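> If you're matching positions, the sequence shown starts at 0 in numbering that gives the first Met the number 0 and goes up one per residue.
The beta-carbon is built from N, C-alpha and C at its ideal position, and this holds for glycine as well.
These numbers come from a predicted model, not from an experiment.
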Amino acid sequence: MSHQNSYLQFLSLCKFPHTDNLPPNITPDGQALLGIIAVANAEGHPLTVMQTMALQHLASPATIHRRVDTLRESLLIDMVFHKGDRRTKYLVTTPLADRYFERMGELMRLVFA
Numbered sequence: 000m001s002h003q004n005s006y007l008q009f010l011s012l013c014k015f016p017h018t019d020n021l022p023p024n025i026t027p028d029g030q031a032l033l034g035i036i037a038v039a040n041a042e043g044h045p046l047t048v049m050q051t052m053a054l055q056h057l058a059s060p061a062t063i064h065r066r067v068d069t070l071r072e073s074l075l076i077d078m079v080f081h082k083g084d085r086r087t088k089y090l091v092t093t094p095l096a097d098r099y100f101e102r103m104g105e106l107m108r109l110v111f112a
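Here it is as structure tokens:
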């Protein structure tokens, strides 16, 4: 199977309602931001709110801040302080987001099985 066909099969699996456990208010842009936050968190270097707002290739800082608020209100990310420094807030994924990424990983394994 070609890489294109594999990816298209993955996209096809993702469109079924039972595969996407994200709240309906999460837009594709919000999903992309969630992915960036999750990767940084998984690599052990969670992004700060300020670092996230500087991702100008995604949107303006104000728009990114609104998306961060939406992700937080949807219980997909949380803001935490590190080592008692209350001046800097780090963005980390929640168990709900972790379950979403686990499900997406399962779908990818189905495609390549």
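If we require 3 or more residues per run, which beta strand (DSSP E) segments fall completely within the region 4-86?
76-81
> Inspect the CB distances between the region 44-62 and the region 94-109 and report whether three or more fall short of 8 Å.
No: the two stretches stay apart, fewer than three of their Cβ pairs being nearer than 8 Å.
> Using the C-alpha atoms, what's the distance from N4 back to V110?
10 Å
> Count the CB pairs spanning the region 20-28 and the region 39-46 that are closer than 8 Å, and state whether there are at least three.
no
> Tell whether a beta-carbon distance below 8 Å holds between K88 and V48.
yes
> What's the call for G29, buried or exposed, on a 16-neighbour Cβ count within 10 Å?
buried
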